[in-house]
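Participant:
Protein chains in written order, with my numbering: chain A, 1 to 281; chain B, 1001 to 1289; chain C, 2001 to 2381.
This is the structure in structure tokens:
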């Protein structure tokens, strides 16, 4: 397997983790989050700092997930205050606050980012395998949540919070749980990313990244774990397959996005299941 | 004097923000869609203004062309992109909108070049006039005057003309308006048309202020306008005007005093988040639960 | 009949011999799409002209050069993919980055580990050359550029009171650090520091601040799309102090945007583009023809990267990366498009004088040259 394929598959795995984790927050629990890049970045930066100082892989990964989750919890509290479209823009704000803050902090590398992150010790292929295992784990966890009582509670909150209350589903705690879980995986993905590139800089976690992740969720079919995972794979590999039209990649990408959504608004999941029940306004 | 200068700069920018954001809030108010592709309409207005002005020699003609083209673009976007998707969760038309923005932005790059376009002759951005000790370029003066005229005209339109009143009624209460015989489709076209025309004017004015238009000119608008309409209270034009001015002033003072800790966008969004925490419905929004 | 057969045999032999000579492939990464596409376009045009010129000159060691370009959108992960693709799929032994810092920084270790000679044409992240001995950089780092500006302001302009405006990216930050590090040495007093993001085009608050500062000189870093509006707005706001700009100001578009306001603006470490030099003149004409606008620093750096790489191959007399690397490191007094490279230091950073240009009558005109070795010294590690 060539180094190119390995690096590609590594990023695919990371994007799958990010998209599936976003789906838990936005798909399952209906809390629109357009700032997922901030949790991704928070995880990457904390893992990078831990890696540089302790050179301990498990510790760095845990740090990434933990910090991502803590930031996520804070945003979760914000979600209690603001709803839907207001929340969407608040999450955009969190993303910009994160990048705007980090790029001005010397101890976080400022504009230069953090370089010389030590290798994980597993080698390129080993890294990729680790990432794919975690990605598979994220998918499994997501499927489990979906089938469990928690998943039911999430869906209830997403559809109608007040009605959910009558079923003893406390919207507050479930929203917070959704954020905490989703962002933990995003943070973990960030940690894995830091080990993959061995150099992180704040531009990798910007608004554009967050929007791309949301696109993966919508194209996959909001709420469908497999749909979102497949969309993540497709949207990561698509620009690579279009390298032969180097100069028109973004044009084609944007065009395909529009076309696909117009033809299959329910996403990949709806194409497979032929059901649009999930998408009632 | 310094603080006055900062305030003036903020007001001028607030006018720009207002012109950009009102179109977005009109669309949201009517259809509950976050019309991110609005930024592409804005960029189109900027390009058309410069290119037509360069070819014809008249900046005014450039603006006229922009005002003619952008509403058509906006209405086309509604008709082709949004209309089929109205019954889906709001994320869906939003993603389509984002896809269109990416497409159009790259289209601008391919059609008009990465280096961007400049006015062949634009004295307005350089020559200035002194008003009560404050120096304003003619371009900045134009922004203030044009914005004032436009919003006065808009106010008169929505309060004194039949179409305008029908439009306002539909935005606040679509079903009630329909029962009064207001044609919802025509109102939607009007909505997109006027909103997009405003964006077109904003684009032309920005081109005038900067003397430069590049393909990424819509990028900041795409998220900044969202912040403004949320701050104002989604769907409220008055709220958007207040929010535009507020945010521009916050940025103006903020970038000078805390610019070494947070960059401009971070400051703007920090202000947004703080306001929303205190008032989750924005400046003039109505609280829902 | 016999002569026809002979002719056929001859033709056959000719084609066989051509096929036996493989082309020398040079990998090239540039931001063709995305937010950095402006420089990507210049880089690509310059690269293509360089390859064509070098091939017209006979190629290298009897072989033709082949350019393999990939778009990295100036992003780290794309730089990693494309670096791996160049090494694995395209089997390149030499690569040039015509992209920004983050991309170059992510790609450098990959090329280093694969033993591929790598030159960063204009990416300034300090760690690119630290990745190893196969990595070179042809552009001056931020800190020496900043120091050169301080030197210029103190020694040439003899001004003491400065307002500093820097842009929020690694280049702006690094240059600012270099500048601030030397101000005390010359007795330059920095009245105030301002900064702005790459997307900003309106600088009202900064103009207001500078007006209040009443500095004797303004030092600003930025790309043409921020520098143009900034300078125009400063002058329109009534600020008359001389403006000293950084290398990235250096583009014809800057003058287009700022118009009359650009008159008298100094650019430290600029591109001395109107020198009487046949190679430079040919390049300028060809670039204008292909790209549609006059070349700037980025284009010159990219062209010279290819030039110096192939020159190293010829001096090494070999296409083995290790030998080319050594020949490259030993380069002395090589004429680049914008300056004569004196040589590389231990870290493979450039040692060369800096040209200061000034805008006069709507054109960049050479003003002076800074040759002070200490001021321009790149880091050794």
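Glycine included, every Cβ here is placed at the ideal spot set by N, Cα and C.
1. Using 7 Å as the cut-off, classify the Cβ of residue 1101 of chain B as near or not near the heavy atoms of the ligand ZN, replying yes or no.
2. Could you round the C-beta distance between residue 2264 of chain C and residue 2242 of chain C to whole angstroms and report it? I think they count as a contact, below 8 Å.
3. Please classify residue 170 of chain A as buried or exposed, where buried requires at least 16 other C-beta atoms within 10 Å of its C-beta.
4. Which residues share a DSSP beta bridge with residue 2334 of chain C?
5. Could you check which residue in C:2136, C:2110, C:2147 has the C-alpha nearest to that of residue 2122 of chain C?
6. I'd like the list of long-range same chain contacts for residue 2405 of chain C, defined as Cβ closer than 8 Å, with 5 residues on each side in sequence excluded.
7. In this structure, how does DSSP classify residue 142 of chain A when only helix, strand and coil are distinguished?
8. With a threshold of 8 Å between beta carbons, is residue 2029 of chain C in contact with chain B?
9. Out of C:2200, C:2177, C:2143, point me to the one whose CA is closest to residue 2190 of chain C's CA.
10. Of all the CB atoms in chain B, is at least one closer than 8 Å to the CB of residue 243 of chain A?
11. How would you label residue 2302 of chain C, buried or exposed, when you count the other beta carbons within 10 angstroms and need 16 or more for buried?
12. To the nearest angstrom, how far is it from the Cα of residue 1032 of chain B to the Cα of residue 25 of chain A?
13. DSSP puts residue 2068 of chain C in a beta bridge; with which residues?
14. To test your reading of the DSSP string, which unbroken alpha helix (DSSP H) runs of 4 or more residues are found completely within the region 70–116 of chain A?
15. Alpha carbon to alpha carbon, what distance is there between residue 2257 of chain C and residue 2017 of chain C?
16. Using a cut-off of 8 Å between C-beta atoms, extract the partners of residue 160 of chain A located in chain C.
17. Taking only three categories from DSSP, how would you classify residue 1136 of chain B?
18. Runs of 3 residues minimum, wholly inside the region 2088–2117 of chain C: which ones carry the beta strand (DSSP E) assignment?
19. Please tell me whether residue 989 of chain B and residue 1228 of chain B are closer than 8 Å, where the distance is taken between their beta carbons.
20. Give the list of continuous beta strand (DSSP E) stretches no shorter than 3 residues that lie fully inside the region 1192–1257 of chain B.
21. With 16 other CB atoms within 10 Å as the buried threshold, where does residue 2286 of chain C fall?
22. Using a Cβ-Cβ cut-off of 8 Å, state whether residue 1067 of chain B counts as contacting chain A.
23. With DSSP collapsed to three states, give me the class of residue 2363 of chain C.
24. Can you tell me the Cβ-Cβ gap for residue 232 of chain A and residue 15 of chain A, rounded? I've got them flagged as a contact below 8 Å.
25. Tell me whether residue 2162 of chain C sits in a helix, a strand or coil according to DSSP, three-state version.
26. For residue 2122 of chain C, would you say it is in contact with chain B, using Cβ-to-Cβ distances shorter than 8 Å as the test?
27. Does any residue of chain C have a CB that is nearer than 8 Å to the CB of residue 1006 of chain B?
28. Only counting the same chain, and skipping five residues up and downstream in sequence, which positions put a Cβ closer than 6 Å to that of residue 2101 of chain C?
29. Below 8 Å between beta carbons: does that hold for residue 1232 of chain B and residue 2195 of chain C?
30. For a cutoff of 8 Å on Cβ pairs, would you count residue 2368 of chain C as touching chain A?
31. Put residue 2372 of chain C into one of helix, strand or coil per three-state DSSP.
32. In the structure shown, what three-state DSSP assignment does residue 1289 of chain B receive?
33. In chain order, what are the residue ranges of uninterrupted alpha helix (DSSP H) at least 4 long that sit wholly in the region 1022–1074 of chain B?
34. Out of A:68, A:155, A:196, which one is the CA nearest neighbour of residue 128 of chain A?
35. At the level of alpha carbons, what is the spacing between residue 1081 of chain B and residue 1034 of chain B?
36. Pick from A:8, A:73, A:166, A:83: whose alpha carbon is nearest that of residue 1277 of chain B?
Facilitator: Result, derived from the coordinates:
1. Ligands are entirely absent from the displayed structure, and the ligand ZN is therefore not among its contents.
2. Looking up residue 2264 of chain C in the third chain gives position 264. Looking up residue 2242 of chain C in the third chain gives position 242. Confirmed, Cβ separation roughly 6 Å.
3. Indexing the first chain from 1 puts residue 170 of chain A at position 170. Classification of residue 170 of chain A: exposed, given that the 10 Å Cβ count is below 16.
4. Residue 2334 of chain C sits at position 334 when you count from the first residue of the third chain. Beta-bridge analysis with DSSP links residue 2334 of chain C to C:2341.
5. Reading the third chain from its first residue, position 122 is the one you call residue 2122 of chain C. Proximity to residue 2122 of chain C across C:2136, C:2110, C:2147 peaks at C:2136, based on C-alpha coordinates.
6. The structure shown does not extend to residue 2405 of chain C, since chain C spans only 2001 to 2381, so no value can be given for it.
7. Taking the first chain and counting its residues from 1, one reaches residue 142 of chain A at position 142. Helix.
8. For the purposes of this step, residue 2029 of chain C is identified with residue 29 of the third chain, where counting begins at 1. Not a single C-beta of chain B is nearer than 8 Å to the C-beta of residue 2029 of chain C.
9. Counted from its first residue, the third chain places residue 2190 of chain C at position 190. Residue C:2177 holds the alpha-carbon nearest to the alpha-carbon of residue 2190 of chain C among C:2200, C:2177, C:2143.
10. Taking the first chain and counting its residues from 1, the one referred to as residue 243 of chain A is at position 243. No - not a single Cβ of chain B is within 8 Å of the one on residue 243 of chain A.
11. Here residue 2302 of chain C is taken as the residue at index 302 of the third chain, counted from 1. Residue 2302 of chain C is buried by the Cβ-count criterion.
12. Counted from its first residue, the second chain places residue 1032 of chain B at position 32. Counted from its first residue, the first chain places residue 25 of chain A at position 25. Rounded to whole angstroms, the gap between the alpha carbons of residue 1032 of chain B and residue 25 of chain A is 21 Å.
13. Within the third chain, residue 2068 of chain C is the residue found at index 68, counting from 1. Per DSSP, the beta bridge partners of residue 2068 of chain C are C:2027.
14. The qualifying runs are 84–102.
15. Translated into the one-based positions of the third chain, residue 2017 of chain C becomes position 17. Translated into the one-based positions of the third chain, residue 2257 of chain C becomes position 257. Note on residue 2017 of chain C: pLDDT 49, under 50, position unreliable in the model; no value is reported.
16. Within the first chain, numbered from 1, the residue matching residue 160 of chain A stands at position 160. Within 8 Å of the CB of residue 160 of chain A, no CB atom of chain C is found; the nearest one sits about 40 Å away.
17. What you label residue 1136 of chain B is simply residue 136 of the second chain in a count that begins at 1. It is a strand residue.
18. Qualifying beta strand (DSSP E) stretches, in chain order: 2094–2097.
19. It is not possible to answer for residue 989 of chain B, since the shown part of chain B is limited to 1001 through 1289.
20. Taken in chain order, the complete beta strand (DSSP E) segments of 3 or more residues contained in the region 1192–1257 of chain B number zero; there are none.
21. Taking the first residue of the third chain as 1, we reach residue 2286 of chain C at position 286. Residue 2286 of chain C comes out buried.
22. Indexing the second chain from 1 puts residue 1067 of chain B at position 67. With respect to chain A, the C-beta atom of residue 1067 of chain B has no partner C-beta closer than 8 Å.
23. In the third chain, counting from the first residue as 1, residue 2363 of chain C sits at position 363. Here residue 2363 of chain C sits in strand by DSSP.
24. The residue given as residue 232 of chain A occupies position 232 in the first chain. The residue given as residue 15 of chain A occupies position 15 in the first chain. Contact between residue 232 of chain A and residue 15 of chain A is confirmed by a C-beta separation of about 5 Å, below the 8 Å threshold.
25. Mapped onto the third chain, residue 2162 of chain C falls at position 162. In this structure, residue 2162 of chain C counts as strand in the three-state DSSP scheme.
26. In the third chain, the residue the question calls residue 2122 of chain C occupies position 122. Among the CB atoms of chain B, none fall inside 8 Å of the CB of residue 2122 of chain C.
27. Here residue 1006 of chain B refers to the residue found at position 6 when the second chain is read from its first residue. Yes, its Cβ sits closer than 8 Å to a Cβ of chain C.
28. Here residue 2101 of chain C is taken as the residue at index 101 of the third chain, counted from 1. The beta carbon of residue 2101 of chain C lies closer than 6 Å to those of 2123, 2124, 2125, 2170 in the same chain, with the five residues before and after it left out.
29. In the second chain, the residue the question calls residue 1232 of chain B occupies position 232. In the third chain, the residue the question calls residue 2195 of chain C occupies position 195. No, these two residues do not count as a Cβ contact at 8 Å.
30. Residue 2368 of chain C sits at position 368 when you count from the first residue of the third chain. Under the 8 Å criterion on CB atoms, residue 2368 of chain C is classed as non-interfacial with respect to chain A.
31. Residue numbering aside, residue 2372 of chain C sits at position 372 when the third chain is read from its first letter. Here residue 2372 of chain C sits in coil by DSSP.
32. Position 289 of the second chain, counting from 1, holds the residue named residue 1289 of chain B. With a pLDDT of 40 at residue 1289 of chain B, under the threshold of 50, the modelled position of this residue cannot be trusted; read the value that follows with caution. DSSP places residue 1289 of chain B in coil when its eight states are reduced to three.
33. DSSP assignment within the region 1022–1074 of chain B yields the following whole alpha helix (DSSP H) runs of 4 residues or more, N-terminal first: 1038–1056.
34. Here residue 128 of chain A corresponds to residue number 128 of the first chain, with the count starting at 1. Closest in alpha carbon position to residue 128 of chain A, among A:68, A:155, A:196, is A:196.
35. Locating residue 1081 of chain B in the second chain gives position 81, counting from the first residue. Locating residue 1034 of chain B in the second chain gives position 34, counting from the first residue. When rounded, the distance between both Cα atoms is 13 Å.
36. On the second chain, position 277 is the one that residue 1277 of chain B refers to. Relative to residue 1277 of chain B, the option among A:8, A:73, A:166, A:83 whose CA is nearest is A:83.
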